[in-house]
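Accompanying notes for the structure given below.
Numbering (full-length UniProt numbering), first residue to last: 1 to 420.
Have a look at this one:
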C-alpha cells in the first residue's frame with residue numbers, strides 16, 4: 001500500500017510483493033540441493049592418468065641403443081673411408097719416351113757391320129787391281145805399256161775405285177745406322193706402350209678401389225640405418241599402442257569427471273530453468289515526487305514490461321506488479337559492477353531484425369499451452385548473449401528498455417530534422 005498527496009508534493013509508496021509458492025519451493029529446493037552438492041567430499045581419481053611405457057617401446061629403445069653401442073656397420077664405414085683416402089692418394093705411374101742418343105743407338109748397331117764393310121772394301125779393291133791388270137794388258141797389246149796413256153788409265157781406274165768404295169762404305173754405314181734407329185724406335189714404342197698400359201691399369205685399379213670403398217661405406221651406412229630403422233619401427237608401434245592406451249585413460253578420466261560433475265550439472269539445469277531465484281518476499285518504500293496518476297503509470301509500465309516477458313500464460317499472470325517491484329530492487333546501481341555504456345540505437349536495430357513469432361510451449365513441458373509472442377533464446381543469445389536455451393528476464397527487460405531508448409533517440413533526431 002502507499003500514501004501520498006496530490007499536486008507536486010512528495011510522498012512515499014510502499015509496495016509489498018509476494019512470490020508464488022511454487023517459485024519459493026523451487027528456490028528452497030535448489031538451495032538444499034546446492035548444499036548437498038557442496039557437501040560432497042573430494043573424490044580423487046583412482047584410474048591411470050598417463051599410459052606407461054609398454055613392451056614394444058622398451059624393445060624398440062633397446063634395439064636402437066644396441067645398434068648405437070655395437071656401431072653396426074661402423075667397421076665397413078671406416079674401411080670405406082680408409083680405402084677412399086688411399087685411392088685419393090694414389091699416384092699413377094709416370095710415362096716417358098726413351099731419348100734417342102748416340103750411346104743408345106750404339107747398342108743397336110750390328111756387331112757384323114765392320115766385317116761386312118771390310119769384306120766389301122776388299123772385294124772392291126780386288127776388282128780395282130783386276131782392272132789395273134786389264135789396263136796393262138791392253139797397253140801391251142797397243143805397244144804403250146808403261147807409257148803415259150797407261151798411267152792415265154790406271155789413275156782413272158784408281159779414282160773410280162775409290163769413289164765406288166766411298167759410296168759403298170757410306171751406303172753400308174747408313175743402312176746399319178737406319179736399321180739401328182728402327183730397332184731403337186720399335187723398342188722405344190713398345191716400352192712406351194707398356195708404360196701407358198701399366199699406367200692405365202694402375203688408374204683403373206685405383207678407380208675400382210675408390211668405387212669399392214664408396215660401396216663399402218654405403219653398405220655400412222645402410223646396414224647401420226637398417227638396424228636403427230628396425231628399432232624405430234618397433235618403437236613407433238609401441239608409441240601407437242601407448243597413444244591408444246592414453247586415449248582410453250583420457251576417456252576414463254572424462255567419464256570420471258562427467259560422473260563427478262553430474263550433480264552440479266543437474267543443479268545447474270534446475271537453476272537455469274528457474275532463472276534467478278528472487279528474494280522470498282518483503283516490501284520496498286519508494287519516494288514519490290509525482291502525482292498519483294504518474295505513479296500509477298510508472299507501476300503499470302514496470303509491471304507491463306515484466307508481464308510482456310511471460311506473455312499470456314496463466315501460470316505467470318498476476319506476477320507483473322510484484323516482479324516489477326523486484327526488478328527495481330535488483331536494478332540498484334550500488335549492487336552492480338563492470339558497468340559500461342551501450343549503443344542503444346544498435347540494440348534497437350538488432351531487435352528490429354530479430355525474428356518475432358507467435359508460438360506455444362510443447363505440452364510435455366507442463367508450463368501451459370497458451371499462445372505467446374516473442375523471440376527465441378537462440379536469436380537472443382546471438383545478438384545479446386545467453387546460453388541459447390533461456391532468456392533471462394533481467395536481460396530481456398534491459399534489451400527492451402535499451403531498444404526503446406534507441407528508438408526515442410532516432411525519433412528525436414528525425415523531429416529535429418523536420419523542424420529545420
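Cβ atoms here follow ideal geometry from the backbone N, Cα and C, with glycine treated the same way.
Bear in mind that the values here come from a model prediction, so they are computed numbers and not experimental data.
What span of residues does the beta strand (DSSP E) with residue 379 cover, start to end?
One-based indexing of the chain shown puts residue 379 at position 379. Where residue 379 is concerned, there is no enclosing beta strand (DSSP E), although the alpha helix (DSSP H) it sits in stretches over 377 to 384.
Would you mind sorting residue 419 into buried or exposed? The rule is 16 or more other CB atoms within 10 Å of its CB.
Residue 419 sits at position 419 when you count from the first residue of the chain shown. It is exposed - the Cβ of residue 419 has fewer than 16 other Cβ atoms within 10 Å.
Can you name the start and end residues of the alpha helix (DSSP H) that residue 373 belongs to?
The count along the chain shown starts at 1 and reaches residue 373 at position 373. Going by DSSP, residue 373 is part of no alpha helix (DSSP H) but of the beta strand (DSSP E) stretching over 372 to 374.
Would you kindly work out how many angstroms separate the C-alpha atoms of residue 93 and residue 204, rounded to a whole number?
Here residue 93 is taken as the residue at index 93 of the chain shown, counted from 1. Here residue 204 is taken as the residue at index 204 of the chain shown, counted from 1. Distance between the alpha carbons of residue 93 and residue 204: 12 Å.
Are the CB atoms of residue 360 and residue 370 within a distance shorter than 9 Å?
If you number the chain shown from 1, residue 370 lands on position 370. If you number the chain shown from 1, residue 360 lands on position 360. Contact: yes.
Residue 415, buried or exposed, once every other Cβ within 10 Å from all chains shown has been counted against 16
Along the chain shown, one-based indexing puts residue 415 at 415. Classification of residue 415: exposed, given that the 10 Å Cβ count is below 16.
Suppose contacts are defined by Cβ-Cβ distances below 9 Å. Is residue 37 in contact with residue 264 by that definition?
In the chain shown, counting from the first residue as 1, residue 37 sits at position 37. In the chain shown, counting from the first residue as 1, residue 264 sits at position 264. A contact, by the Cβ cut-off of 9 Å.
Residue 346 Cβ short of 8 Å to the ligand NAP heavy atom set
Ligands in the displayed structure: none, and consequently the ligand NAP is not present.
When DSSP labels each residue in this structure, what does residue 358 get in the three-state scheme?
Sequence index remark: in the chain shown, residue 358 carries index 358 (1-based). Strand at residue 358.
Within a Cβ cutoff of 8 Å, which residues of the same chain sit near residue 179, ignoring the five residues on either side of it in sequence?
The residue given as residue 179 occupies position 179 in the chain shown. Hits under 8 Å: 108, 110.
Would you call residue 382 buried or exposed, if buried means 16 or more other Cβ atoms sit within 10 Å of its Cβ?
For the purposes of this step, residue 382 is taken as residue 382 along the chain shown, with counting starting at 1. The C-beta of residue 382 has fewer than 16 other C-beta atoms within 10 Å across all chains shown, which makes the residue exposed.
Report the CB separation of residue 385 from residue 377 in whole angstroms; it is logged as a contact under 8 Å.
The sequence position of residue 385 within the chain shown is 385, counting from 1. The sequence position of residue 377 within the chain shown is 377, counting from 1. Between residue 377 and residue 385 the Cβ distance is about 11 Å, and since that is not below 8 Å, they are no contact.
Same chain, Cβ closer than 7 Å to residue 251, five either side skipped, listed in chain order:
By 1-based counting over the chain shown, the position of residue 251 is 251. Correct list: empty, nothing qualifies.
Should the region 152 to 165 be called in touch with the region 123 to 133, which here means at least 3 C-beta pairs below 8 Å?
yes
Buried or exposed: where does residue 211 fall if 16 or more other Cβ atoms within 10 Å of its Cβ makes it buried?
As a first step, residue 211 is located in the chain shown; it is residue number 211 there, counting from the start. Per the 10 Å Cβ criterion, exposed.
To test your reading of the DSSP string, which unbroken alpha helix (DSSP H) runs of 4 or more residues are found completely within the region 111 to 141?
113 to 141
Can you give the beta carbon distance from residue 270 to residue 30, rounded, assuming they're within the 8 Å contact cut?
Here residue 270 is taken as the residue at index 270 of the chain shown, counted from 1. Here residue 30 is taken as the residue at index 30 of the chain shown, counted from 1. So it is a contact: roughly 5 Å between Cβ atoms.
In angstroms, rounded to a whole number, what distance separates the CA positions of residue 229 and residue 51?
Here the question's residue 229 lines up with position 229 in the chain shown. Here the question's residue 51 lines up with position 51 in the chain shown. Each residue's Cα considered, the two are about 24 Å apart.
Quick one: residues in its chain with C-beta nearer than 7 Å to the C-beta of residue 124, no 5 flanking neighbours on either side, listed in chain order?
Position 124 of the chain shown holds residue 124. Closer than 7 Å at Cβ, skipping near neighbours: 161, 164, 165, 168.
Compare the Cα-Cα distances from residue 82 to each of 225, 231, 26, 214 and report the closest residue.
Position 82 of the chain shown, counted from the start, is the residue given in the question as residue 82. Per the Cα distances, 214.
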